[in-house]
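First the structure, in the form of structure tokens, and then the observations on it.
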Amino acid sequence: MYEPFESLVKERRIMRTIIWYSYFWMYMFCSIFMYIPVIFLSLFQLKAWRNRYIQMIVGNWARSLIWLAGGTITINGSENLPHTQHVCYVANHQGNFDIPIMIGFLPGPIGFMAKKELVYMPIVNLWMLGIGCVFINRENRRASVDSINRGIENIKAGNPMVIFPEGTRSQGPEPNVFRPGSLKLATRSEAVIVPVTISGSYKLKELHKKFHPGQVDVTIHQPITPEDYQDLNSKDLSKRLSDTITEALP
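Number 46 in my numbering belongs to position 63 of the sequence shown; there are no gaps in the numbering.
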């Protein structure tokens, strides 16, 4: 008696997947033309207008991808967002949708450290560079240091970045161990650190291995200023952030 229902659910998941990937690449193709204003705004050094335009395009794209996957996002603690642009967001990493969530629902553009292979992804790489992403080769120590330094310069220039200290997706509700070394981007740039808890993003893809509707709760915690962490070593700061972020998980 359950076979027709299971068949219907399977068909819907397949259709959702087809629609999601079709939309992804259609939007990317159309964004070739959307990128033209970015070039002109950059040429005339209109950084504020350029950033607003990029955030509008990339933010809409990120939110629509989440919506097509069936995700519903609730933001808690918006009042904790700092007014300064010298910000480094530090969040747990449950799934692939964490980056679209950060890009689509927090003030931006927000850059992040991306694996080097993505630099060869046509069109996508242009927009990633536009929001301030830095491509990192983790297999090459010297190249990794150069990438971190570029990320530090981005934050100092007023371009927020996001760090996932776990280094990889937990693909579930339990976070992986935070790596203290990953916080160099925040501490060396003397950024205001904003801890962010993402709860439920793994349900949108990783839990079922396919796109699946789900509720995601994002909690923005009180920021930590350089004065607050200047006397902490990397391990103590990592523990403080880990405790703050995990305490908000169910």
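All C-beta atoms in this analysis are idealised placements derived from N, C-alpha and C, irrespective of residue type, glycine included.
Given this structure, state the Cα-to-Cα distance separating Met(-16) from Arg(-1), to the nearest angstrom. Bear in mind that the predicted position of Met(-16) carries a pLDDT of just 46, short of 50, making it unreliable; the figure below should be weighed with that in mind. Computed Cα separation, rounded: 24 Å.
Alpha-carbon to alpha-carbon, Val73 and Pro146: The amino acid at residue 146 is misidentified as Pro; the sequence shows Ile. Between Ile146 and Val73, the C-alpha separation is close to 5 Å.
From which residue to which residue does the beta strand (DSSP E) around Asp200 run? In the DSSP assignment, Asp200 falls within the unbroken beta strand (DSSP E) covering 197 to 203.
According to DSSP, is Asn132 part of a helix, a strand, or is it coil? helix
When burial is assigned at 16 or more other CB atoms within 10 Å of the CB, is Pro178 buried or exposed? buried
The alpha helix (DSSP H) that contains Pro209, what's its start and end? 209 to 212
Can you tell me where the alpha helix (DSSP H) with Tyr36 in it begins and where it stops? 30 to 52
Contact between the segment 41 to 54 and the segment 83 to 90 is defined here as three or more beta-carbon pairs at a separation below 8 Å; is this criterion met? Remark: three or more beta-carbon pairs, one from each stretch, lie closer than 8 Å, so the segment 41 to 54 and the segment 83 to 90 are flagged as touching.
Reduced DSSP category for Gly60 - H, G, I as helix; E, B as strand; rest coil: coil
Where Tyr185 falls, given that 16 or more other Cβ within 10 Å makes a residue buried: buried
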